[in-house]
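A.B. asks: Questions regarding the structure given below will be posed in turn.
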Amino acid sequence: MIETQSVAADALPDTCAALVQERRARLVVMTGTDERERGRGFGLYYVFALPSGALVSIEAQIDPARPEFPSVTRVVPAAHWYEREVKDLLGIEPRGHPDPRRLVLHDDWPHGLHPLRKDFDGRRTVARDPHPHGPITGVRGDGVIEVPVGPIHAGIIEPGHFRFGGVGELVFQLEARLFYTHRGIEKAAEGASVERVLFLAERICGACSLSNAVAYSQAIEAIADRHPGRRTRLIRSVLLELERLYNHVGDIANLCAGAALQLAVYQGGVLKERLQELNAEVAGHRYLFGVACPGGVRRDLDAAAQECIRRETGAIESEFRSYVDALLQTESFMERLVGTGVLEHDLADELGAVGVAARASGVARDVRASQPYAGLRPGMVTPVLRTEGDVRARMLVRVDEAFASFGLVNDLLRELAEVAPTELVTPIGPLPPDRWALGMVESPRGENVHHVMTGAAGEITRYRVRSASYNWALVPFAVAGNLLPDFPLINKSFELCYACLDR
Amino acid sequence: MFDRTRCDLNGACAQVCPVGAIAVAASFALDRARCISCSRCIEVCPTGALAQGLAFAVPERTRRALVEPPPAPLAAKGQELATRARRVLGRSLHVRHLDAGSCNGCDWEINATTNAVHDIQRFGVDFVASPRHADVLLVTGTVTHNLEIAARRTYDAMSEPRLVVAVGACASSGSPYPSGYASGEGAASILPIDVFVPGCPPRPEAIIEGLLLAVGRIVRVR
């Protein structure tokens, strides 16, 4: 059960601050809604997690005649991007927000149009505002140069615009404009069938597809109060660890590309390729699309598939060990990582960092440990922690987590071998009206939160996805004070998805 | 794979398709540009006319040729251009990647073409940092509202002769994202496409095949 407190909008900052200070809660997600059709106003749901893992929701209704509320960001900094999103997508003004610029919508989006309002038809196209205002503030001064990069980049990577301001190679400030790949997935989910939304959830992000599909499925299962069986949950966990493995191994290889260590790029690339071919072999897809569904999974892992996973991960693990040993002994590479791109502990904590980036800065956040899900039992996963917060720490967290995942896959397979084959899907049936639930999964990049709400007829009325790539809000802090040529390293050490963030 | 002789036009596949890729009336037609390979149609087909198979992954020069079974006869569009491209570009091909709003799946598969296993460089293919150096633009994504201008500018920056290859379902048709305020209808809505590579995402081998088809290094007999 989620503890809920309904408060007046004006009481939001104090209530949220008290929760953080007195009960050591942390903000997990904030979701805005348009409930005007239901005789209410706009809704704001600030959902916090207590140290025990239990969730607390602080909810407020906003008068549609006066769509504003006092910003919570000044007392709970982790709220900053959520409140900017609510302003863009729903047109609710966070009064006193320290950075009220646009976030999701770009400068040429017309004023007064808010896509997540129910009276906005998501299927329409929108003409550009011929008089865009630039949101980039930049740095000015004698000798200061600005280096614009993107949105289309030189490599095979996703689009985003970066504006570096500094003197010489020293970066004072990085401004990132993102949301170029915003596809309107949350809007498209409204009123769509549970299955149709699954296909969208799987395609929020290619590299975190299974994490997103499982998080969505868990939210639907919680709303319907219909839960998959043990075997199905174990299969989900095995495959989620395989997703983590191909990402972590590949991310370490790509980090080497940031330092032009070509041999390691190719060696790591081969290991990633083998892990993805293993995905294809046992689950039918290199990115694990089409595996999970609300109520269960669509594919069994039979004895032959289990043996295939055991054999192949065993072989890859020993090669990965030699690979990592060689990397750690390559001083010319490792010395580039030390002290580079430091994310301070307190900043990571207060701004709501999750995943590898949080843990490398000493912030113990791992959904697998705090809210064990699928086939995981409490205590099976211990967060891997480091304190330095630099590129090296983020790499080493991935290394240790990859080894832990190899072990975890084996533990889960042992258990799976003893659970008799059963129906793979528990029928969900129609969803009950007026419910909401969170699905939380630790993706390779960190905590993914899917917030699903049903309306009067049990239809999906709101689907809010906060992926670990919300960590993008932290990257500029880790870049300031570093050299421009170190940006690729810092960027690859966070390894966030634009697609996951942009939706 | 589609087996015409076993299809009784019951239409179960069209009903279950989440992306509207199948039409069943007087005949069966699967639009591979929209297909995301979810295999729901195969699961519900009572006659076994549909089965998994690589035929669905084959790149084509026209959007029409992506309809399975292909409407006969197909015009040999593009062969002439490809032959010319082969003459001009020889075995050296410089490719520029453009993410026009994808889930990043196709982009990772394009990356995988450069790993030591798929090794696209053995075909003389290099990925370049600027569209000014590129012979081919490899486009992924639906062409989102926020990327349309950048996508057009990238194409405009290329010199002739230039080719465009659309990679994946969403670049080929916009599917499965609904077009609207944010998401577009694929690369063909703003750029002339020389080859479509279907799939969600296509495997690295299919992307390599699509590139080689575009520049006349593969002659398709059909």
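Going down the list, the sequences are from chains P and C.
Heads up, the first sequence is in this note's numbering, so the first residue is 929 and it goes up one at a time.
Heads up, the second sequence is in this note's numbering, so the first residue is 4 and it goes up one at a time.
Beta carbons are placed, not taken as given, at the ideal position from N, Cα and C, and that holds for glycine.
Just by C-beta distance, which residues in the segment 1119-1152 of chain P are closer than 8 Å to chain C?
C.D. replies: Of all residues in the segment 1119-1152 of chain P, E1123, R1124, F1127, L1128, R1131, I1132, C1133, G1134, A1135, S1137 have a Cβ within less than 8 Å of some Cβ in chain C.
A.B. asks: Which residue marks the beginning of the alpha helix (DSSP H) containing R1394 of chain P, and which one marks its end?
C.D. replies: Here residue 1394 of chain P refers to the residue found at position 466 when the first sequence is read from its first residue. That residue, R1394 of chain P, is in no alpha helix (DSSP H); its beta strand (DSSP E) goes 1388-1394.
A.B. asks: Does the pairing of the segment 1391-1408 of chain P with the segment 1105-1125 of chain P give three or more beta-carbon distances under 8 Å?
C.D. replies: Yes: at least three Cβ pairs fall under 8 Å.
A.B. asks: Assuming the contact rule is C-beta atoms closer than 8 Å, A85 of chain C and G219 of chain C should be a hit. Round their C-beta distance to whole Å, please.
C.D. replies: For the purposes of this step, residue 85 of chain C is taken as residue 82 along the second sequence, with counting starting at 1. For the purposes of this step, residue 219 of chain C is taken as residue 216 along the second sequence, with counting starting at 1. Right, their Cβ atoms sit about 3 Å apart.
A.B. asks: Evaluate V1266 of chain P with the Cβ neighbour count: other Cβ atoms within 10 Å of its Cβ, from every protein chain shown; 16 or more gives buried, anything less gives exposed.
C.D. replies: Counting from 1 along the first sequence, the entry for residue 1266 of chain P is found at position 338. It is exposed - the Cβ of V1266 of chain P has fewer than 16 other Cβ atoms within 10 Å.
A.B. asks: Using the beta-carbon count (16 or more within 10 Å), is Q1190 of chain P buried or exposed?
C.D. replies: Here residue 1190 of chain P refers to the residue found at position 262 when the first sequence is read from its first residue. Exposed: under 16 other Cβ atoms inside 10 Å.
A.B. asks: Considering only residues of the same chain and omitting the five flanking positions on each side of T50 of chain C, which have a CB-CB separation below 6 Å?
C.D. replies: Your numbering for residue 50 of chain C matches position 47 in the second sequence. Taken in chain order, the residues that qualify are R9, D11.
A.B. asks: Taking the alpha-carbon of R1431 of chain P as reference, which of P:A1288, P:L1033, P:T932, P:G971 has the nearest alpha-carbon?
C.D. replies: Along the first sequence, read from residue 1 onward, the residue named residue 1431 of chain P stands at position 503. R1431 of chain P has its Cα closest to that of P:L1033, out of P:A1288, P:L1033, P:T932, P:G971.
A.B. asks: By how many angstroms is the C-alpha of A1185 of chain P removed from the C-alpha of R225 of chain C?
C.D. replies: Numbered from its first residue, the second sequence carries residue 225 of chain C at position 222. Numbered from its first residue, the first sequence carries residue 1185 of chain P at position 257. Because R225 of chain C carries a pLDDT of 49, less than 50, the predicted location of this residue cannot be relied on, and no value is offered for it.
A.B. asks: What do you reckon, are the CB atoms on L214 of chain C and Y158 of chain C nearer than 8 Å?
C.D. replies: Taking the first residue of the second sequence as 1, we reach residue 214 of chain C at position 211. Taking the first residue of the second sequence as 1, we reach residue 158 of chain C at position 155. No.
A.B. asks: Work out the CA separation of I1237 of chain P and E73 of chain C for me, nearest whole Å.
C.D. replies: By 1-based counting over the second sequence, the position of residue 73 of chain C is 70. By 1-based counting over the first sequence, the position of residue 1237 of chain P is 309. For clarity, residue 73 of chain C is Pro in the given sequence; the question names Glu instead. For P73 of chain C and I1237 of chain P, the distance between alpha carbons rounds to 39 Å.
A.B. asks: Using beta carbons (cut-off 8 Å, strictly below), is A54 of chain C in contact with chain P?
C.D. replies: Translated into the one-based positions of the second sequence, residue 54 of chain C becomes position 51. Judged by the 8 Å Cβ criterion, A54 of chain C is not in contact with chain P.
A.B. asks: Compare the beta carbon distance of I986 of chain P and L1018 of chain P with 8 Å and say whether it is the shorter of the two.
C.D. replies: By 1-based counting over the first sequence, the position of residue 986 of chain P is 58. By 1-based counting over the first sequence, the position of residue 1018 of chain P is 90. No; because the gap between Cβ atoms is not below 8 Å, this pair is not in contact.
A.B. asks: Nearest to H1213 of chain P by CA position, among P:A1288, P:G971, P:A1104, P:E1130, is which residue?
C.D. replies: Taking the first residue of the first sequence as 1, we reach residue 1213 of chain P at position 285. The shortest Cα separation from H1213 of chain P among P:A1288, P:G971, P:A1104, P:E1130 belongs to P:E1130.
A.B. asks: Quick check: what's the CA-CA separation for Y180 of chain C versus A1055 of chain P?
C.D. replies: Position 177 of the second sequence, counting from 1, holds the residue named residue 180 of chain C. Position 127 of the first sequence, counting from 1, holds the residue named residue 1055 of chain P. Between Y180 of chain C and A1055 of chain P, the C-alpha separation is close to 20 Å.
A.B. asks: Can you tell which of P:R1023, P:P1058, P:V1095, P:A937 has the C-alpha that lies nearest to the C-alpha of D1070 of chain P?
C.D. replies: In the first sequence, counting from the first residue as 1, residue 1070 of chain P sits at position 142. Selected option, being the one with the closest Cα: P:V1095.
A.B. asks: So for Q1447 of chain P, helix, strand or coil by DSSP?
C.D. replies: No answer is possible for residue 1447 of chain P: the residues shown for chain P start at 929 and end at 1431.
A.B. asks: Near F1405 of chain P, which residues of its chain fall below 8 Å by C-beta distance, leaving aside the five closest residues on each side in sequence?
C.D. replies: Walking along the first sequence from the start, residue 1405 of chain P turns up at place 477. Result list for F1405 of chain P: L1271, E1272, L1275, L1279, in chain order.
A.B. asks: In the DSSP output, which residue or residues are listed as bridge partners for D962 of chain P?
C.D. replies: Against the first sequence, residue 962 of chain P aligns to sequence position 34. P:F970.
A.B. asks: Which class does R225 of chain C belong to by DSSP, given the choice of helix, strand or coil?
C.D. replies: The sequence position of residue 225 of chain C within the second sequence is 222, counting from 1. Low per-residue confidence applies at R225 of chain C: pLDDT is 49, beneath 50, and the placement is therefore not dependable enough to give any value.
A.B. asks: Start and end of the beta strand (DSSP E) containing H1089 of chain P?
C.D. replies: Reading the first sequence from its first residue, position 161 is the one you call residue 1089 of chain P. Looking at the DSSP string, the run of the beta strand (DSSP E) that includes H1089 of chain P is 1089-1095.
A.B. asks: Please check if any C-beta of chain P sits within less than 8 Å of the C-beta of R225 of chain C.
C.D. replies: In the second sequence, the residue the question calls residue 225 of chain C occupies position 222. With a pLDDT of only 49 at R225 of chain C, under 50, the local geometry of the prediction cannot be trusted, and the value read off the model is given with reservation. So no, R225 of chain C is outside the interface.
A.B. asks: Comparing alpha-carbon positions, which option in C:A68, C:A28, C:C16, C:N13 lies nearest I228 of chain C?
C.D. replies: An answer regarding residue 228 of chain C cannot be provided, because it is not within the stretch 4 to 225 covered by chain C.
A.B. asks: Can you tell me whether S1371 of chain P is buried or exposed, with buried defined as 16 or more other CB within 10 angstroms of its CB?
C.D. replies: Against the first sequence, residue 1371 of chain P aligns to sequence position 443. Answer is buried; the Cβ neighbour count reaches 16.
A.B. asks: Could you check whether R206 of chain C and E112 of chain C sit closer than 8 Å to each other, using their CB atoms as the reference points?
C.D. replies: As a position in the second sequence, residue 112 of chain C is number 109, starting the count at 1. As a position in the second sequence, residue 206 of chain C is number 203, starting the count at 1. Cβ distance < 8 Å, so E112 of chain C and R206 of chain C count as in contact.
A.B. asks: Following the continuous beta strand (DSSP E) through G1078 of chain P, name the residue where it begins and the one where it ends.
C.D. replies: As a working mapping, residue 1078 of chain P is identified with position 150 in the first sequence. That residue, G1078 of chain P, is in no beta strand (DSSP E); it is neither H nor E in DSSP.
A.B. asks: Would R1051 of chain P pass as an interface residue toward chain C - the criterion being a Cβ-Cβ separation below 8 Å?
C.D. replies: Taking the first sequence and counting its residues from 1, one reaches residue 1051 of chain P at position 123. Yes, contact with chain C.
A.B. asks: Ignore the nearest five residues each way along the sequence and tell me which others in T117 of chain C's own chain have a CB closer than 8 Å to its CB.
C.D. replies: As a working mapping, residue 117 of chain C is identified with position 114 in the second sequence. Hits under 8 Å: I123, Q124, F130.
A.B. asks: Looking only at its chain, what residues have a beta carbon closer than 8 Å to the beta carbon of E1245 of chain P, apart from the 5 residues adjacent to it on each side?
C.D. replies: In the first sequence, residue 1245 of chain P corresponds to position 317, counting from 1. For E1245 of chain P, where only same-chain residues beyond five positions count, the Cβ hits under 8 Å are F1331, F1334.
A.B. asks: What residue does the beta strand (DSSP E) around P998 of chain P start on, and which one ends it?
C.D. replies: As a position in the first sequence, residue 998 of chain P is number 70, starting the count at 1. Run containing P998 of chain P: 996-998, per the beta strand (DSSP E) assignment.
A.B. asks: Starting from E1171 of chain P and walking both ways along the alpha helix (DSSP H), at which residues does that stretch end?
C.D. replies: By 1-based counting over the first sequence, the position of residue 1171 of chain P is 243. Start and end: 1158-1186.
A.B. asks: What residues of chain P sit near S186 of chain C, judged by a beta carbon separation below 7 Å?
C.D. replies: If you number the second sequence from 1, residue 186 of chain C lands on position 183. Near S186 of chain C (Cβ distances below 7 Å), the residues of chain P are R1111, G1112.
A.B. asks: Go to G171 of chain C, then tell me how far its alpha helix (DSSP H) extends in each direction, as first and last residue.
C.D. replies: As a first step, residue 171 of chain C is located in the second sequence; it is residue number 168 there, counting from the start. No alpha helix (DSSP H) holds G171 of chain C; DSSP gives it neither H nor E.
A.B. asks: Looking at chain P, which residues of the segment 80-100 of chain C have a Cβ within less than 8 Å of any of its Cβ atoms?
C.D. replies: Per Cβ criterion, the list reads H100.
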